[in-house]
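Letter by letter, the sequence shown follows residues 453 to 853 in the working numbering.
Here's the structure, in structure tokens; my notes come after.
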Amino acid sequence: MTQPHALRSPYQASSEKPLLVCFSHLRWDFVWQRPQHLLSRATKHYDVLILEEPMFKAGIKPHMDVSTRPQGVTIAVPMLPEGLSQEDIIAEQHDLIEGLIGRESNGSRVFWYYTPMAMAFTSDFECDLCIYDNMDELSLFRGASQQLLDLEGALFSRCDLVFTGGMSLYEAKKNRHRSVHGFPSSIDFNHFSQARSIHQEPEDQAHIPHPRLGFFGVVDERMDIDLLAEVADRRPDWQFIMIGPVVKIDPATLPQRSNIHWLGGKPYNELPHYLSGWDVGFMNFALNEATKFISPTKTPEFLAAGVPVVSTPITDVVKPYGEKGLVEIARDAEEVVAKVETILGRPKEAWLAKVDRHLAQGSWDKTWASMHKLMLDTTGETTADRPAAASLPIYATTPAE
């Protein structure tokens, strides 16, 4: 539950830690993914302020809605009246952000961008370090505009560091900036590994027969819903459990079958309870422009939960997971059926031991620590220059939602 507080102008940090301002196209309370994993850990070293995209309501005056979250971040949402032109929306966001944090940097200030679109109303604000955490190739998503491409170019010109959400995206962006670093999706192992020992299933899943194939994540144009329908038709005795919010596509287009169960979005802390009852993870990503450079966070999350996975040949899943025999790769419905049958018929122990050896190499804690070191190196600081942060551990507890 959020705790609203009075808006102070300019923004007053709650401690002596530097201010990190994140400009995000994703809502903090939407799906727990890369931004939440990283920025909840960043609170150990920074006062983290998340500036989200505006929300519109009829008859209101422009204002900033500010609230806090249990993970230690502050969320600011521009609240704007309906009916504004695009030009006015940009101008109002600029003025509200200036009123919140000030145009000039008073002390150390980091800008952390997830969306280049924010450059339209923040390019004249000062910061001491500018970072672009490029988690997706947004230009290839449905509805992407030329303006997005232009603003991304401006962001590349401004930023000091570029992080990419996968190695294929790193290869695509490494020549566009002097300091690009690949940070593929990592894992909150302790959270998802709970699924290995949970025996009480959620009520909306407990009645569904086995074998079960499950998916969790955003349901959008990146999902191959035709592949899902074909596999479900080929094996009507298999049950398909689909968890996640439906966005940017018409829910009416989703295949409806007696063995396909659309359970909607679930809180992050409930996911291990659902995964505990799945026999196979099904990552039925479409092979299209929107998935060309994705590095699905759910790949290591499935594995940490002890759930074997069949995936379509997404580049960052094939390498390393497919090549190492950790994930089965299937190109069509016939191959999906064959791979699932292989998984259902084989012992799990040897595969799981191999999975755990691989997952031990990385974590979101290590990812954030590596990012933070690059940030300090870029500004010429060391952790010794930050006494308030140096005594704190790098890791964060499992987020509560």
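For each residue, glycine too, the CB sits at the ideal point set by N, CA and C.
Assigned exposure category for residue i - 16 Cβ within 10 Å defines buried
| i | result |
| --- | --- |
| Arg460 | Note that Arg460 scores a pLDDT of 39, beneath 50, so its modelled location is shaky; the value from the coordinates is reported in the next line. It is exposed - the Cβ of Arg460 has fewer than 16 other Cβ atoms within 10 Å. |
| Ala742 | buried |
| Arg674 | buried |
| Ile766 | buried |
| Leu601 | exposed |
| Pro530 | buried |
| Ile693 | buried |
| Pro799 | exposed |
| Ala572 | buried |
| Thr574 | buried |
| Phe508 | exposed |
| Lys825 | exposed |
| His651 | exposed |
| Arg664 | buried |
| Asp829 | exposed |
Close-in-space but distant-in-sequence residues of the same chain around residue i (CB under 8 Å, 5 per side omitted)
| i | result |
| --- | --- |
| Gln579 | Note on residue identity: the sequence assigns Cys, not Gln, to residue 579. Cβ neighbours of Cys579 beyond the five flanking positions: Val473, Ser557, Arg561, Val562 and Phe563. |
| Gly777 | Trp803 and Lys806 |
| Lys625 | Asn586, Val614, Thr616 and Val632 |
| Pro506 | Val529, Pro530, Met531, Leu532, Ile541, Glu544 and Gln545 |
Neighbourhood of residue i by C-beta, 7 Å cutoff - its chain only, sequence neighbours within 5 removed
| i | result |
| --- | --- |
| Tyr773 | Thr751 and Val779 |
| Glu833 | none |
| Arg479 | Glu504 |
| Asp656 | Leu715 |
| Val670 | Val483, Gly696, Pro697 and Val699 |
| Leu592 | Glu741, Ala742 and Lys744 |
Closest Cα partner of residue i within the set the options
| i | options | result |
| --- | --- | --- |
| Pro487 | Phe573, Thr567 and Ser620 | Thr567 |
| His662 | Ile746, Leu706, Asn711 and His546 | Asn711 |
| Gly733 | Leu755, Asp808, Ser747 and Tyr720 | Leu755 |
| Leu532 | Ser519, Ile512 and Asp678 | Ile512 |
Check whether residue i and residue j have beta carbons under 8 Å apart
| i | j | result |
| --- | --- | --- |
| Met855 | Leu491 | Only positions 453 to 853 of the chain appear in this structure, which leaves residue 855 out of reach. |
| Val770 | Met735 | no |
| Thr764 | Leu739 | yes |
| Phe668 | Leu811 | no |
| Thr749 | Gln538 | no |
| Ile527 | Ile502 | yes |
| Ala782 | Glu682 | no |
| His713 | Ile795 | no |
| Glu722 | Pro654 | yes |
| Asp672 | Ile701 | yes |
| Asp588 | Arg555 | no |
Residues of its chain near residue i, where Cβ-Cβ distance is below 6 Å and the 5 sequence neighbours each way are ignored
| i | result |
| --- | --- |
| Ser822 | none |
| Ala852 | Reliability of the predicted coordinates at Ala852 is poor, the pLDDT of 28 falling under 50, and the value obtained from them is presented with this limitation in mind. Excluding sequence neighbours, Ala852 sits near Pro522. |
| Cys582 | Phe563, Arg610, Cys611 and Asp612 |
| Arg628 | Phe608 |
| His546 | Phe573 |
| Asp676 | Asn736 and Ala738 |
| Gly814 | Ser638 |
| Tyr584 | Tyr565, Leu607, Cys611 and Val614 |
Closer than 8 Å to chain B by CB, residue i
| i | result |
| --- | --- |
| Ala681 | In the structure shown, chain B does not exist; there is a single protein chain. |
Contact between the stretch 727 to 735 and the stretch 628 to 648 (3+ Cβ pairs under 8 Å) = yes
request  = Please determine if the stretch 611 to 624 and the stretch 790 to 809 are in contact, where contact requires at least 3 C-beta pairs separated by less than 8 Å.
outcome  = As far as the Cβ criterion goes, the stretch 611 to 624 does not touch the stretch 790 to 809, which means the pair count is below three.
key: Validate contact between the stretch 681 to 693 and the stretch 601 to 611 using beta carbons, cut 8 Å, 3 pairs   = no
inquiry  = Measuring CB atoms only, is the stretch 690 to 697 touching the stretch 625 to 641, in the sense that at least three cross pairs come out at less than 8 Å?
reply    = no
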